[in-house]
Amino acid sequence: MSKLAISGDDYDEGEVKTKMQELHREVLCWCHKEGATHPQCKDVEEQWWERLRNAQAQRIEQVLPLRHRPEAPAAFDPRQSRSLFGSVVPMQALNIAAIAQPGRQSRNVDPNLEEIADRFRSLEREVAEIQEAQRDLQLRLAGVARRRQFARRERAAITGELEEVGRDEEAATGADENRRAQEAARLVEAERQRHEADRRAEDERKAQAEQRRRYEEITRQQRERAERELAEQIRTDQALAQEMEDEEQRQEAERQAAARQEAQREERRERRIRDRVERVRMWMLAPGLQPPRSPPRSQAQYNPEVPASPFHAPIRRPAELHIVRRKPLDDCFACMEPIRALEDAQWCRAQCGQNMCNECFELWRANQPDGGQLRCGICRAVWKWAGLFG
Numbered sequence: 001m002s003k004l005a006i007s008g009d010d011y012d013e014g015e016v017k018t019k020m021q022e023l024h025r026e027v028l029c030w031c032h033k034e035g036a037t038h039p040q041c042k043d044v045e046e047q048w049w050e051r052l053r054n055a056q057a058q059r060i061e062q063v064l065p066l067r068h069r070p071e072a073p074a075a076f077d078p079r080q081s082r083s084l085f086g087s088v089v090p091m092q093a094l095n096i097a098a099i100a101q102p103g104r105q106s107r108n109v110d111p112n113l114e115e116i117a118d119r120f121r122s123l124e125r126e127v128a129e130i131q132e133a134q135r136d137l138q139l140r141l142a143g144v145a146r147r148r149q150f151a152r153r154e155r156a157a158i159t160g161e162l163e164e165v166g167r168d169e170e171a172a173t174g175a176d177e178n179r180r181a182q183e184a185a186r187l188v189e190a191e192r193q194r195h196e197a198d199r200r201a202e203d204e205r206k207a208q209a210e211q212r213r214r215y216e217e218i219t220r221q222q223r224e225r226a227e228r229e230l231a232e233q234i235r236t237d238q239a240l241a242q243e244m245e246d247e248e249q250r251q252e253a254e255r256q257a258a259a260r261q262e263a264q265r266e267e268r269r270e271r272r273i274r275d276r277v278e279r280v281r282m283w284m285l286a287p288g289l290q291p292p293r294s295p296p297r298s299q300a301q302y303n304p305e306v307p308a309s310p311f312h313a314p315i316r317r318p319a320e321l322h323i324v325r326r327k328p329l330d331d332c333f334a335c336m337e338p339i340r341a342l343e344d345a346q347w348c349r350a351q352c353g354q355n356m357c358n359e360c361f362e363l364w365r366a367n368q369p370d371g372g373q374l375r376c377g378i379c380r381a382v383w384k385w386a387g388l389f390g
């Protein structure tokens with residue numbers, strides 16, 4: 001630092017500032033070299049200005065004798081000034097007049113006055129150089145001030161532009177954020193609508209499944225009820241059919257019993273008739289015998305189905321009687337349908353005794369020619385007795 005030029009043509013303020021910055025960076029630690037502040041910077045700066053003042057003081061001591069050395073003003077504080085030449089003694093503070101007027105000095109003239117004069121002239125030249133350097137420095141400082149002012153204006157313009165760009169960026173960022181927010185809201189709304197659609201579809205699917213389950217349950221219940229009703233109807237029909245069959249069997253048994261009773265009565269009646277006829281025949285063969293008398297009506301058993309006894313009429317010759325017996329009730333020989341009761345059919349009284357239902361008899365009678373004889377469809381005997389056709 002002591003080798004730096006502080007005056008003359010070799011002095012360069014930019015070089016001094018650059019060197020100062022380099023020195024500051026050398027004395028700082030690495031973590032404080034990137035634009036950070038540190039108290040050590042102030043220490044280095046104070047040391048630099050102290051050395052500069054010491055160098056100037058040494059040069060003045062070399063140029064001026066001790067008795068002619070000017071004193072700096074008491075009010076001058078180099079620490080309060082931030083100028084590179086704040087510690088340099090100004091030209092006005094030097095008592096140059098006292099040095100330049102040797103006549104006014106003491107009469108005791110120094111023998112080395114010529115040398116002193118030479119030094120004084122050298123000092124004047126240096127002072128002129130210093131003044132020139134000061135004027136140059138002032139011009140430079142004015143240029144620096146102008147440049148600084150221009151830089152301030154440029155900085156203000158750049159700052160304004162940056163602020164405007166920042167505002168534009170903020171507006172763009174706000175618009176972008178609004179757009180992103182709207183897009184996010186749209187996506188959220190779309191997601192919500194999708195979830196809502198999925199939920200409605202799920203609810204509809206569940207409702208359809210529940211409706212289908214209810215329909216299947218109702219169908220199953222109806223089918224089971226129909227099956228139960230059908231089974232009940234089948235059981236009822238079977239019971240009714242069984243009852244009808246039992247009733248038919250009972251009626252058939254009753255009819256058969258009635259037919260057997262009727263046949264037995266017919267047989268008894270025929271046997272009684274044969275016995276009477278035999279007795280009459282025997283009486284006719286033996287004229288001396290008295291005819292048999294009928295028992296009193298009060299004593300005889302009355303049977304309306306048995307014809308009256310022929311004993312009241314005289315029998316002149318024996319008669320051969322053909323007794324026709326009615327067949328038991330069975331199927332009609334014409335339509336093959338069962339005959340339920342005796343009054344539901346007509347029977348052949350001429351010879352065979354076969355039964356024919358009333359419907360077939362009426363149809364058969366209607367198909368016979370008028371005035372012709374009615375013949376039995378089985379034995380072909382003629383039906384000619386009165387009362388047959390009502």
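Just so you know, we're using the UniProt record's numbering here: the sequence shown kicks off at 1 and counts up by one.
Quick reminder that beta carbons are idealized off the backbone N, C-alpha and C, glycines included.
Any chain D beta carbon closer than 8 Å to residue i
{"i": "Glu243", "result": "The question asks about chain D, but that chain is absent: this structure has only one protein chain."}
Cβ pair residue i, residue j closer than 8 Å
{"i": "Trp347", "j": "Asn355", "result": "yes"}
{"i": "Ala255", "j": "Leu329", "result": "It should be pointed out that residue 255 corresponds to Arg in this sequence rather than to Ala. Cβ distance < 8 Å, so Arg255 and Leu329 count as in contact."}
{"i": "Cys332", "j": "Gln351", "result": "no"}
{"i": "Val382", "j": "Gln368", "result": "no"}
{"i": "Ala345", "j": "Asn358", "result": "yes"}
{"i": "Gly353", "j": "Arg326", "result": "yes"}
{"i": "Glu13", "j": "Arg152", "result": "no"}
{"i": "Glu262", "j": "Ile323", "result": "no"}
Simplified DSSP state of residue i, which is helix, strand or coil
{"i": "Gln354", "result": "coil"}
{"i": "Val88", "result": "At Val88, the pLDDT of 47 sits below 50, so the modelled position is not reliable and the matter cannot be decided from this model."}
{"i": "Val382", "result": "strand"}
{"i": "His312", "result": "Caution applies to His312, whose pLDDT of 43 falls short of 50 and renders its modelled position unreliable; the model cannot decide the point."}
{"i": "Ala334", "result": "coil"}
{"i": "Arg53", "result": "helix"}
{"i": "Ala341", "result": "coil"}
{"i": "Arg326", "result": "coil"}
{"i": "Gln373", "result": "coil"}
{"i": "Gln368", "result": "coil"}
Contacts around residue i, its chain only, beta-carbon distance under 7 Å, and the 5 residues preceding and following it disregarded
{"i": "Ala259", "result": "Pro328, Leu329"}
{"i": "Ile378", "result": "Phe333, Cys348, Cys352, Gln354"}
{"i": "Gly143", "result": "none"}
6 Å CB neighbourhood of residue i in its chain, flanking five on each side removed
{"i": "Arg214", "result": "none"}
{"i": "Leu388", "result": "Unreliable placement is indicated for Leu388, whose pLDDT of 47 sits below 50; the coordinate value is still reported in the next sentence. Answer for Leu388: no residue qualifies."}
Beta-carbon contacts of residue i that lie in its chain and below 8 Å, excluding the five residues immediately before and after
{"i": "Ser298", "result": "Because Ser298 carries a pLDDT of 44, less than 50, the predicted location of this residue cannot be relied on, and the following value inherits that uncertainty. Closer than 8 Å at Cβ, skipping near neighbours: no residue."}
{"i": "Gln251", "result": "Arg340"}
Given 8 Å, three or more beta-carbon pairs between the segment 267 to 276 and the segment 338 to 350:
No, because fewer than three Cβ pairs between the segment 267 to 276 and the segment 338 to 350 fall closer than 8 Å, the two stretches do not touch.
Considering only residues of the UniProt region "Disordered" (164 to 221), which uninterrupted beta strand (DSSP E) runs meet the minimum length of 3 residues and lie entirely inside it, listed in chain order?
Positions of the beta strand (DSSP E) runs, each at least 3 residues long and wholly inside the UniProt region "Disordered" (164 to 221), cannot be given because no such run exists.
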